[in-house]
Amino acid sequence: MLIAFALPAHAGPFEDGVAKFANDDFSDTEEAIGVVASSGNKLAFPIISALQDGRLMADPDSKKVYVTGTDGKSIDAATGEAVASVPDSASAVRLNNRLRRSVDAAIGSLTLQSPDVGTRLQAAQSVFKSHEETALEAVDAALAKESNRSVKAALGEARAAILLFKSDATEVEKLDAVATLKGRGDQEALALLTGMGDQPASVTKAATSAIGSIQSSLAVWSMVQNAWYGLSLGSVLLLAAIGLAITFGVMGVINMAHGEMVMIGAYTTFVVQEVIRTRYPALFDYSLLIAVPLAFVVAGAIGVLIERSIIRFLYGRPLETLLATWGLSLVLQQAVRTMFGPTNREVGNPSWMSGAFELGQITITYNRLWILCFTLAVFAILLAMLRYTALGLEMRAVTQNRRMAASMGIATSRVDALTFGLGSGIAGIAGVALSQIDNVSPNLGQSYIIDSFMVVVFGGVGNLWGTLVGAFTLGIANKFLEPVAGAVLGKIAILVLIILFIQKRPRGLFALKGRAVEA
Amino acid sequence: MTPHMLTRSLDRGATIFLAVVAACGILIPLSNLLLPAGSFLQVPTYLVALWGKYVCYAILALAIDLIWGYCGILSLGHGAFFALGGYAMGMYLMRQIGTRGVYGNPILPDFMVFLNYSKLPWYWYGFDMFWFAALMVLVVPGLLAFCFGWLAFRSRVTGVYLSIITQAMTYALLLAFFRNDFGFGGNNGLTDFKDILGFNVQAEGTRAALFALSCLALIIGFLICRAIVSSKLGKVLIAVRDAESRTRFLGYRVESYKLFVFTVSACMAGVAGALYVPQVGIINPSEFAPGNSIEAVIWVAVGGRGTLVGAALGAVVVNYAKTFFTSGVLAPYWLFMLGALFILVTLLLPKGIVGTFNAWWDQSKEKRDAATMASAAAEDGVTEPKMAE
Chain A
166 MLIAFALPAH AGPFEDGVAK FANDDFSDTE EAIGVVASSG NKLAFPIISA LQDGRLMADP
226 DSKKVYVTGT DGKSIDAATG EAVASVPDSA SAVRLNNRLR RSVDAAIGSL TLQSPDVGTR
286 LQAAQSVFKS HEETALEAVD AALAKESNRS VKAALGEARA AILLFKSDAT EVEKLDAVAT
346 LKGRGDQEAL ALLTGMGDQP ASVTKAATSA IGSIQSSLAV WSMVQNAWYG LSLGSVLLLA
406 AIGLAITFGV MGVINMAHGE MVMIGAYTTF VVQEVIRTRY PALFDYSLLI AVPLAFVVAG
466 AIGVLIERSI IRFLYGRPLE TLLATWGLSL VLQQAVRTMF GPTNREVGNP SWMSGAFELG
526 QITITYNRLW ILCFTLAVFA ILLAMLRYTA LGLEMRAVTQ NRRMAASMGI ATSRVDALTF
586 GLGSGIAGIA GVALSQIDNV SPNLGQSYII DSFMVVVFGG VGNLWGTLVG AFTLGIANKF
646 LEPVAGAVLG KIAILVLIIL FIQKRPRGLF ALKGRAVEA
Chain B
1125 MTPHMLTRSL DRGATIFLAV VAACGILIPL SNLLLPAGSF LQVPTYLVAL WGKYVCYAIL
1185 ALAIDLIWGY CGILSLGHGA FFALGGYAMG MYLMRQIGTR GVYGNPILPD FMVFLNYSKL
1245 PWYWYGFDMF WFAALMVLVV PGLLAFCFGW LAFRSRVTGV YLSIITQAMT YALLLAFFRN
1305 DFGFGGNNGL TDFKDILGFN VQAEGTRAAL FALSCLALII GFLICRAIVS SKLGKVLIAV
1365 RDAESRTRFL GYRVESYKLF VFTVSACMAG VAGALYVPQV GIINPSEFAP GNSIEAVIWV
1425 AVGGRGTLVG AALGAVVVNY AKTFFTSGVL APYWLFMLGA LFILVTLLLP KGIVGTFNAW
1485 WDQSKEKRDA ATMASAAAED GVTEPKMAE
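Protein chains in written order, with my numbering: chain A, 166 to 684; chain B, 1125 to 1513.
So this is what it looks like as structure tokens:
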């Protein structure tokens, strides 16, 4: 058989088809694509993919066609024999847009029977997208052999898409196709159903009802998607605000340099990754695990230093504290700018944080998911710390009644310093997480400071649960407003709503009651 | 304003201040226009524009001192009122360009032609008339402050909460004005001005006149503030600052007093912005940045809150320092200095320059008086409000 194929004479339909590429005529080329793709010849895939990349050379004089490989070696397309060089008279076979679609479809059907499951699935999906009638046979053939469930489903959908657009398909086949597409139920199925053109009455009716049900399910999914984005944004807000909830909420200190503690955490991550990159590249996946405690210590230590050197002189003068810490934030930003440069520094994602997975109709990225989990973990640990440790008890005592706590033998100034250090340290941890989704630049903290204050004020000062609820409410509200009003208007609307909300409830969602309010 | 009120409201510091501002307002433009260029005493035009900018900042600082120093309202959003006044003036200046723009459209400003506006948005109507624009300079910031203050003060939003929501207000406006479809030129703002009231904005004479006008506005603003704080109303404001609840229990409608002074202050900031824009030649959304408003607060803190003179002085001193340091080799360290200024002033100089000087002066005067007349010190009237936290 091989010898027969190798004969230079025009021995079969495959060779005839290949020769047609040399005619430099678009309709001949289309025929040739059809013949080659359905031939089952092992050369079919290299030929078609060469055609797609403009590597298929045809010589109009000798009617010979050559495939130039990406490595520069060439073979005769009809026989597969290596040739020394392509003649100068040969030129690349030209394509137009219509042909490109046929080429895509041909490649799709050629890879339908690849041994690799992923390739088969991709091929089935590309046939679904192109839904070229010519691919029907290939899909049927592949469907008969297919054993993998998800590939089989994808093939079924591809077949349905083809049948829906095939003018001579029977009504029963088309009704089946509509039902299959309805089962798929995503944006693409919707696009196929709405754009299918003239159909028998029963099919149109079925399609209309399918479109309705797909649209309503898509609406639900888009709600789910918005809710997920909202949760994700909420977790970021919570992470940025949680340290502030301690310093502002529990201690009553307005720390405008809070954002800079977040920035310091992010830069700590950068430094850790730099060291790992240059010294121990194998540890890269653990870089964040190393950075978290380090960022806590660095930011926490700076926090204690700030409390001891500036803030302790300003207790009871909240407006002055605000100004002093604002000045501090300028100094810290400029210090980082001087040390690391004004541009963004690159912080990489470890492998377990990159990528995404599909859940129904929505895509969930791992880094967002991890950040959500991480935020909740930090929140839980903090809550437990305040509730069950001696330090937490002392902190609560000092914030509730400073003089009484002092009389009971608590070293209040030490507790102040530690509380402020704790809040700053948590901001540093937030910086580690935010370095994964945001640009690490000296301005990183600035972009979070107003949002963080909004969260704490909205949730209610002095209440960690309020901060949690506030962050997720704002996050979700923001993401639900975004599709309606646009990103910027949505944000403005949220700010205006918070301003109005504070008028109604000046102490936030979960206000402290009793004497502490006026203190 | 009765002459009696005027004389009562002026003490020695205020008189010196007014004399200095008036002298600057007259002498600097005259020296710029009449003396030959390059002469030792001639003030170059760029300096006139620069000092004009400082005077506008001084008016803004005065506005902040009025509410912060005398009523305890720390607004971190006063830059918004300043910028709104500036935009109102900028809209007038844009309409005056007429057909001299790049696209030569007689009605639409260049950026609108560029953004495919078919007709002028309704809120641009009337800005071709100066009196209307001048009115809007007062009305827009005043109205925003009135609505904002009415909501905030009535529901007793005070202290840092108020500071934070004023900051949110200016941040929201910043985001809004950055949008192209908001109709105010988006990111680029309004610029490329040609005429104001028929005079070329770039001309030396116009600049000198604008400088003189800014000084005049500073004097008028100062007199208004003095009149307010030295009246009976001003005493109530100080009471609100020092003990808000107690003032309320004494029967005063605290929120009305606050609302009044907040609105007046916003109008002043608007005027400052309106005078600022023709002198610097541009207004863009970055004027709304929360950082600008906080910087304006620190001018007041440096000069001395609750002194009025100190606020204006602080604005000029800090901005002169900013110009001086950001133009030289020390430019990378300016933010360190500004940050350190914030920290050191709040920690070491809570009364500011003028407040500290006054305290020192009073003390030394007291000593001198005590030396001569042992019993006279007890009768000392309150001329400067005492800081109390």
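For each residue, glycine too, the CB sits at the ideal point set by N, CA and C.
query = Between which two residues does the beta strand (DSSP E) carrying Val1440 of chain B extend?
reply = Your numbering for residue 1440 of chain B matches position 316 in the second sequence. Per DSSP, Val1440 of chain B belongs to no beta strand (DSSP E); it is in the alpha helix (DSSP H), Val1433 to Thr1450.
ask   = What number of angstroms, rounded off, separates the C-alpha of Gln287 of chain A from the C-alpha of Asp241 of chain A?
value = For this step, residue 287 of chain A is matched to residue 122 along the first sequence. For this step, residue 241 of chain A is matched to residue 76 along the first sequence. C-alpha separation (whole angstroms): 29 Å.
inquiry  = For Asp616 of chain A, count the other beta carbons within 10 Å of its own beta carbon; 16 or more makes it buried, fewer makes it exposed. Which is it?
reply    = As a working note, residue 616 of chain A is residue 451 in the first sequence. Counting Cβ neighbours within 10 Å, Asp616 of chain A comes out buried, since at least 16 surround it.
query = Residues of chain B with CB under 9 Å from Val661 of chain A, in chain order?
reply = Residue numbering aside, residue 661 of chain A sits at position 496 when the first sequence is read from its first letter. In chain order: Ala1292, Met1293 and Ala1296.
ask   = According to a CB-to-CB cut-off of less than 7 Å, which residues of the stretch 606-630 of chain A neighbour chain B?
value = For the stretch 606-630 of chain A, which is checked against every Cβ of chain B, the residues closer than 7 Å are Ile615, Phe618, Met619 and Val622.
ask   = Which residues of chain A have a Cβ atom closer than 9 Å to the Cβ of Ser1537 of chain B, listed in chain order?
value = Given that chain B is displayed from residue 1125 to residue 1513, the structure contains no residue 1537 of chain B and the question cannot be resolved.
Residues within the stretch 646-657 of chain A neighbouring chain B, beta-carbon criterion of under 9 Å = Gly651, Val653, Leu654, Lys656 and Ile657
ask   = Using a beta-carbon distance below 8 Å, is Gln498 of chain A in contact with chain B?
value = Taking the first sequence and counting its residues from 1, one reaches residue 498 of chain A at position 333. Chain B, which has a Cβ nearer than 8 Å to the Cβ of Gln498 of chain A, makes this yes.
ask   = From Pro252 of chain A to Thr244 of chain A, what does the alpha carbon distance come to, in whole angstroms?
value = For this step, residue 252 of chain A is matched to residue 87 along the first sequence. For this step, residue 244 of chain A is matched to residue 79 along the first sequence. Roughly 17 Å separates the two Cα atoms.
ask   = Would DSSP call Ala116 of chain A helix, strand or coil?
value = Because chain A is modelled from 166 through 684, residue 116 of chain A falls outside the range shown and cannot be assessed.
query = Relative to the C-alpha of Arg477 of chain A, which residue among A:Met416, A:Val496 and A:Val232 is closest?
reply = For the purposes of this step, residue 477 of chain A is taken as residue 312 along the first sequence, with counting starting at 1. Distances from the CA of Arg477 of chain A to each of A:Met416, A:Val496 and A:Val232 were compared; the closest alpha carbon is that of A:Met416.
query = Would you say Leu1299 of chain B faces chain A, with C-beta separation under 8 Å as the test?
reply = As a position in the second sequence, residue 1299 of chain B is number 175, starting the count at 1. So, interface residue.
query = Does the count of Cβ pairs from the stretch 1256-1270 of chain B and the stretch 599-607 of chain A closer than 8 Å reach three?
reply = no
message = Could you give the first and the last residue of the continuous beta strand (DSSP E) run that contains Thr528 of chain A?
response = As a first step, residue 528 of chain A must be located in the first sequence, where it is residue number 363. Element bounds for Thr528 of chain A: Ile527 to Thr530.
inquiry  = 8 Å is my cut-off, CB to CB: does Thr503 of chain A come that close to chain B?
reply    = Taking the first sequence and counting its residues from 1, one reaches residue 503 of chain A at position 338. Yes, because at least one Cβ of chain B sits closer than 8 Å to the Cβ of Thr503 of chain A.
key: 3-residue-minimum beta strand (DSSP E) runs that sit fully inside the stretch 199-275 of chain A, ordered along the chain   = 221-224, 229-233 and 239-241
message = Can you confirm whether the stretch 435-442 of chain A touches the stretch 611-631 of chain A when touching is taken to mean that 3 or more C-beta pairs between the two stretches lie within less than 8 Å?
response = no
message = Could you check whether the stretch 1217-1227 of chain B touches the stretch 1473-1483 of chain B, counting it as contact only if at least three pairs of C-beta atoms, one from each stretch, sit closer than 8 Å?
response = No, the stretch 1217-1227 of chain B does not touch the stretch 1473-1483 of chain B.
ask   = What does Ala642 of chain A reach in chain B if we use C-beta pairs closer than 9 Å?
value = Counting from 1 along the first sequence, the entry for residue 642 of chain A is found at position 477. Simply none; closest approach about 15 Å.
message = Does chain A have any CB closer than 8 Å to the CB of Pro1474 of chain B?
response = Numbered from 1 along the second sequence, position 350 holds the residue referred to as residue 1474 of chain B. Chain A contact via Cβ: present.
request  = Take Asp305 of chain A and list the residues in its own chain whose beta-carbon comes closer than 8 Å to its own, dropping the five residues that flank it on each side.
outcome  = Sequence index remark: in the first sequence, residue 305 of chain A carries index 140 (1-based). Answer for Asp305 of chain A: Arg324, listed in chain order.
ask   = Does Gly1434 of chain B get closer than 8 Å to chain D when you measure Cβ to Cβ?
value = Of the chains in the structure shown, none is chain D; the protein chains are A and B.
inquiry  = Determine, for Pro483 of chain A, whether the minimum Cβ-Cβ distance to residues of chain B falls below 8 Å.
reply    = Translated into the one-based positions of the first sequence, residue 483 of chain A becomes position 318. For Pro483 of chain A, at least one C-beta of chain B is nearer than 8 Å to its own C-beta.
inquiry  = So, with DSSP's three-state summary, where would you put Leu448 of chain A?
reply    = Counting from one through the first sequence, the residue named residue 448 of chain A turns up at place 283. DSSP places Leu448 of chain A in helix when its eight states are reduced to three.
message = Check for me: the alpha helix (DSSP H) holding Asp603 of chain A runs from which residue to which?
response = By 1-based counting over the first sequence, the position of residue 603 of chain A is 438. Per DSSP, Asp603 of chain A belongs to no alpha helix (DSSP H) and is neither H nor E.
task = With 8 Å as the threshold, decide whether the Cβ of Gly492 of chain A is near any Cβ in chain B.
result = If you number the first sequence from 1, residue 492 of chain A lands on position 327. Interface residue, yes.
request  = Would you give the residue range spanned by the alpha helix (DSSP H) that Thr284 of chain A belongs to?
outcome  = Your numbering for residue 284 of chain A matches position 119 in the first sequence. That run of the alpha helix (DSSP H) goes Val282 to Ser295.
request  = Identify which residue in A:Val200, A:Ser192, A:Ser387 and A:Ile429 has its Cα closest to the Cα of Met504 of chain A.
outcome  = On the first sequence, position 339 is the one that residue 504 of chain A refers to. The option with the nearest alpha carbon to Met504 of chain A is A:Ile429.
key: Rounded C-alpha distance that separates Val1172 of chain B from Tyr1178 of chain B   = For the purposes of this step, residue 1172 of chain B is taken as residue 48 along the second sequence, with counting starting at 1. For the purposes of this step, residue 1178 of chain B is taken as residue 54 along the second sequence, with counting starting at 1. Taking the straight line from one Cα to the other gives about 10 Å.
Buried versus exposed call for Lys656 of chain A [16 or more other C-beta atoms within 10 Å across all chains shown] = The count along the first sequence starts at 1 and reaches residue 656 of chain A at position 491. By the neighbour-count criterion, in which a residue is buried when 16 or more other Cβ atoms sit within 10 angstroms of its Cβ, Lys656 of chain A is buried.
task = Please decide whether Ala489 of chain A counts as near chain B, where near means a Cβ-Cβ distance under 8 Å.
result = Locating residue 489 of chain A in the first sequence gives position 324, counting from the first residue. Taking 8 Å as the CB threshold, Ala489 of chain A lines the interface with chain B.
query = Under a CB-based cut-off of 8 Å, is Pro1409 of chain B close to chain A?
reply = Residue 1409 of chain B sits at position 285 when you count from the first residue of the second sequence. No, Pro1409 of chain B lies away from the interface with chain A (no Cβ there is under 8 Å from its Cβ).
Member of B:Ala1292, B:Phe1238 and B:Ala1257 whose CA lies at the smallest distance from the CA of Val661 of chain A = Your numbering for residue 661 of chain A matches position 496 in the first sequence. Nearest option by C-alpha distance: B:Ala1292.
query = With distances taken from CA atoms, which of B:Ile1362, B:Tyr1285 and B:Gly1479 is nearest Arg670 of chain A?
reply = The residue you call residue 670 of chain A lines up with position 505 of the first sequence. It is B:Tyr1285.
query = What's the call for Thr1507 of chain B, buried or exposed, on a 16-neighbour Cβ count within 10 Å?
reply = Taking the second sequence and counting its residues from 1, one reaches residue 1507 of chain B at position 383. Confidence at Thr1507 of chain B is low in this model, with a pLDDT of 47, below 50, so its placement is unreliable and no value can be given for it.
request  = Apply the 10 Å Cβ neighbour rule to Trp1246 of chain B and answer buried if 16 or more other Cβ atoms are within range, or exposed otherwise.
outcome  = For the purposes of this step, residue 1246 of chain B is identified with residue 122 of the second sequence, where counting begins at 1. With fewer than 16 Cβ atoms within 10 Å of its Cβ, Trp1246 of chain B is classed as exposed.
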